[in-house]
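**Q** One structure is given below, represented as structure tokens, and several questions about it will come after.
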Amino acid sequence: MRRDSAGRRWGRAALAALACALLSGAGLSGCADVVDTELGLDADIDAARVSTMGSTVSVELDVTYRVGPFAEGERMFQPQGIELYADDALVATLSPMAPPGFQARVAPGEAFTATFPASGDVSDGAAVCAGELRVLFRWLDTTTMEIGMTDAIVPDPTCE
């Protein structure tokens, strides 16, 4: 352990994370694969499926959510909404459902994957079937009240 001018102790992992963060800020990369510098809650869409039948749309999102190992404590992950865009036009706003066994509390260094289904009315079913779609997934970190979002492209929605 090393001490800085304020007397704080720094371990090797924390020093490596700080060095990578500083190098990344300077335009130098390569540290992302070595040290996880996420200090809060983060999420990524691993897979997205969209299907529509008439004026109803169904979405399933496989989402991995995590808290970085250097976060100051556990975080609470709460799904908030799913927005569906066709050619940059909002065609549906949906509420994701938490699956059985959903783990909302995430400790530093932990990651979970869950499938969030949602369904509802679509404003333009023809636009959904006309090409690729953009799915925006919004969540809330209820520990810090920070809003997060991630998106994915669905190149081939199922249309019936």
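Whatever position you read off the sequence shown (first residue = 1), add 260 for the working numbering.
Glycine included, each C-beta is placed from N, C-alpha and C at the ideal position.
Note that the coordinates shown come from a computational prediction; the quantities given were computed from them, not determined experimentally.
1) Decide if Gly333 is buried, meaning its Cβ has at least 16 other Cβ atoms within 10 Å, or exposed.
2) Pull up the distance between the alpha-carbon of Asp306 and that of Ser315, whole angstroms please.
3) Taking the beta strand (DSSP E) that Ala387 falls in, what are its first and last residues?
4) Can you tell me whether Arg365 is buried or exposed? The criterion is at least 16 other CB atoms within 10 Å of its CB, across all chains shown.
5) Can you list, in chain order, the residues of its chain with a C-beta nearer than 6 Å to that of Ala358? Leave out the 5 residues immediately preceding and following it.
6) Write down every uninterrupted run of the beta strand (DSSP E) in the region 330-399 whose length is 3 residues or greater and which is fully enclosed by it, in chain order.
7) Report yes if the C-beta distance between Leu396 and Asp411 is below 8 Å; otherwise report no.
**A** According to the structure shown:
1) It is exposed - the Cβ of Gly333 has fewer than 16 other Cβ atoms within 10 Å.
2) For Asp306 and Ser315, the distance between alpha carbons rounds to 26 Å.
3) Careful: Ala387 lies outside any beta strand (DSSP E), inside the alpha helix (DSSP H) at 385-389.
4) So Arg365 ends up on the exposed side.
5) For Ala358, where only same-chain residues beyond five positions count, there are no Cβ hits under 6 Å.
6) The qualifying runs are 335-346, 349-354, 371-381.
7) Against a cut-off of 8 Å, the Cβ pair of Asp411 and Leu396 comes out as a contact.
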